[in-house]
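Reading through the C-alpha cells given below for one structure.
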Amino acid sequence: MWSRRLLYLVLLCAALAAGLPALAQKTQADKVELGSNTAKNGFKNEDEIRDKFNNWKTDDEAKIWLGAMNYKLAEIESVTATKPHGEKADVEVLIKTKAGEKREGISIKLVSSPQGFNQIDKRWLSHYVKMWRIPADVEAALKLFVGETPPDRPSKDPKRMYLNELDAATQKAVTDFFTANKEMIVSDLFSGEGIHSAGWMMVALKSSATPRWVLRRDDYVTKFFGDGKVELTRNGNLKIGRITVQRKGGDGGRESAKMLQFKINPALLFEGK
Numbered sequence: 000m001w002s003r004r005l006l007y008l009v010l011l012c013a014a015l016a017a018g019l020p021a022l023a024q025k026t027q028a029d030k031v032e033l034g035s036n037t038a039k040n041g042f043k044n045e046d047e048i049r050d051k052f053n054n055w056k057t058d059d060e061a062k063i064w065l066g067a068m069n070y071k072l073a074e075i076e077s078v079t080a081t082k083p084h085g086e087k088a089d090v091e092v093l094i095k096t097k098a099g100e101k102r103e104g105i106s107i108k109l110v111s112s113p114q115g116f117n118q119i120d121k122r123w124l125s126h127y128v129k130m131w132r133i134p135a136d137v138e139a140a141l142k143l144f145v146g147e148t149p150p151d152r153p154s155k156d157p158k159r160m161y162l163n164e165l166d167a168a169t170q171k172a173v174t175d176f177f178t179a180n181k182e183m184i185v186s187d188l189f190s191g192e193g194i195h196s197a198g199w200m201m202v203a204l205k206s207s208a209t210p211r212w213v214l215r216r217d218d219y220v221t222k223f224f225g226d227g228k229v230e231l232t233r234n235g236n237l238k239i240g241r242i243t244v245q246r247k248g249g250d251g252g253r254e255s256a257k258m259l260q261f262k263i264n265p266a267l268l269f270e271g272k
C-alpha cells in the first residue's frame with residue numbers, strides 16, 4: 000500500500016516538473032509583453048540601471064527590458080548604455096543588431112512611495128513662452144502666477160498670485176491655451192526633441208517590500224498623463240490631465256523659486272492599462 004502511494008507521489012512530482020518550464024516561459028513572455036515586473040532588489044539610482052543594460056548578457060532584468068522594447072535577444076550583437084547630461088533621456092542605450100544600430104532614450108523616474116511626486120520639467124517662464132509661443136495675455140497671467148510680476152490686487156501670497164485669484168477672462172485664456180496646445184506641450188514635457196529625446200519612460204519603485212518597475216513607450220506615457228481636462232485646482236495651480244503645473248517655490252526665496260514647474264506622480268503608471 001505504501002509503495003503504491005510512493006509511486007503515485009513520484010509520478011505526480013514528475014508531471015509537475017515537466018510542466019514548470021512551459022509555465023515559466025509563458026510567465027516571462029507575459030511580463031515582457033506588459034513591460035513591468037517586480038525587481039529583485041530594487042534600484043538605487045540611474046547608474047545601476049545603466050550598468051544593468053551594459054551587463055545585459057548576464058542580467059535577467061536587462062534581458063526583460065530589451066524584450067519589452069521589442070528586441071529579440073538572439074539578434075542583439077551589443078548593448079552600450081550611457082548617461083547624457085541635462086537631457087530628457089536619463090539613460091541612452093545603443094543597441095546593435097544584425098539589422099543595424101538604434102539608439103533608445105529612456106527617462107527614468109525613481110520613486111520611494113506610490114504617492115510621491117516627481118518633477119518632469121522646470122524652466123524659466125521666458126523659455127516656455129518662446130518654445131510654445133505663449134500669447135501675451137497668458138504670459139502676463141503666468142508672470143503673476145510665478146511672481147515675476149508682483150500682485151496687482153489682494154492675494155493670499157504678497158509675492159505672487161494664484162491662478163484662481165485672476166479674473167474669469169484671464170483664467171479662461173490660460174486654460175484655453177493649454178487645452179488647444181495640450182498634445183504638443185505634453186510631448187515636449189516627457190519626450191523632448193533631438194537625438195537625446197526620450198522614447199521610453201521607466202518608473203522604478205525603490206522602497207517597497209516588493210520593488211517594482213514599469214517600462215512604457217513615450218506615446219503611451221504622454222497619452223496616459225495628458226488624459227483629462229485642463230483646469231484650475233482648488234489651490235490655484237493648473238492641471239493638465241494628470242500633470243500639475245505650479246510655481247517652483249522654495250530655494251530660500253532666491254530668484255529660482257519663480258521658475259515654472261511641471262510635476263507628476265510617476266507611480267500612477269503602474270496602474271495604467
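In numbering that gives the first Met the number 0, the protein residues as written are 0 to 272.
Yeah, the Cβ is synthetic: ideal placement off N, Cα and C, and Gly gets one too.
query	result
Measuring CA to CA, which of Y127, L143, R241, G146 is closest to I263?	R241
Spell out the partners DSSP gives Q118 in its beta bridges.	K262
Quick one: what's got a C-beta closer than 6 Å to E182's C-beta in the same chain, skipping five residues either side?	none
Taking just the CA atoms, how far does V145 sit from T174?	16 Å
Have a look at A139 and L162 and give me their C-alpha separation to the nearest angstrom.	11 Å
Between the C-alpha atoms of F261 and V229, what's the straight-line distance to the nearest angstrom?	13 Å
How big is the Cα-Cα spacing for L231 and A67?	37 Å
Whole angstroms is fine: what's the gap from N117's alpha carbon to K62's?	27 Å
Alpha carbon to alpha carbon, what distance is there between I94 and D58?	16 Å
I'd like to know whether the C-beta atoms of D89 and I105 end up nearer to each other than 8 Å.	yes
Just the C-alpha distance for W199 and A135, rounded to the nearest angstrom, thanks.	34 Å
Is it buried or exposed for R159, if we count other Cβ within 10 angstroms and need 16 for buried?	buried
Straight-line CA distance for A203 to V110?	6 Å
Helix or strand or just coil, what does DSSP make of D187?	helix
Can you name the start and end residues of the alpha helix (DSSP H) that N49 belongs to?	Note that residue 49 is Arg in the sequence shown here, rather than Asn. 45–53 is the extent of the alpha helix (DSSP H) around R49.
Skipping 5 residues on each side, what residues in its chain have a beta carbon closer than 6 Å to that of V213?	S35, V202, L268, F269
T221 to E147, Cα distance in whole Å?	29 Å
Consider the C-beta atom of T148 and the heavy atoms of the ligand ZN; say whether any pair is separated by less than 7 Å.	Inclusion of the ligand ZN in the displayed structure is not the case, the ligand content being empty and no account of it being possible.
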